[in-house]
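Position in the sequence shown (first residue = 1) + 37 = my numbering. The block underneath contains the structure these notes are about, expressed in structure tokens.
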Amino acid sequence: MKVSNHDDVAVIDLETTFTARGGEQAFENAYMPLLPTCHRFVLDFERIEELDSKRLAAIVVFYKRARANGSVVVLASVGTLVKETLRITRLDRILRVAATRNEGITVARGADLTLP
């Protein structure tokens, strides 16, 4: 996982390794050190075509930990299959989704940290 900082927004690039065996652990290792100090996150799905249940669970766990810390999470560059998975699981009603990485950064910056 590659993490880049855009002023007050941490962008986590979910690489194809996220969907490989052990990818959810690599994801957790990337975000855990950021949780105490960062309050705006963008997860960039540009390289992710689909999500299985383990990876979906990893996203939900991250979201819950981030929200418990008062942080906002935006999913960006989400493809058709991932969008469909979010719709079927109704997570599209909870998670913020932006069309592009830059839009995700803008949404994260403008988000009210007191709202879910």
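The C-beta atom is built at its ideal place from N, Cα and C for all residues, glycine as well.
| Check | Outcome |
| --- | --- |
| Looking only at its chain, what residues have a beta carbon closer than 7 Å to the beta carbon of A103, apart from the 5 residues adjacent to it on each side? | L72, F78, V110 |
| Between S1 and R138, which are expected to be in contact by the criterion C-beta below 8 Å, what is the C-beta distance as a whole number of angstroms? | The structure shown does not extend to residue 1, since the chain is modelled only from 38 to 153, so the question has no answer here. |
| Quick check on the DSSP output: the alpha helix (DSSP H) that includes S90 runs from which residue to which? | 90–105 |
| Among the residues of its own chain, which have a CB less than 7 Å from the CB of E61, if the five just before and after it don't count? | K91, R92, A95 |
| What are the partner residues of S41, as DSSP defines its beta bridges? | V48 |
| To the nearest angstrom, how far is it from the Cα of V46 to the Cα of L112? | 13 Å |
| For the beta strand (DSSP E) holding A113, just list the boundary residues, first then last. | 109–113 |
| Between A63 and T54, how many whole angstroms is the CB-CB distance? I'm expecting something under 8 Å. | 6 Å |
| When you compare only the Cα positions, how much space is there between I85 and A148? | 25 Å |
| For H43 versus I142, is the C-beta spacing smaller than 7 Å? | yes |
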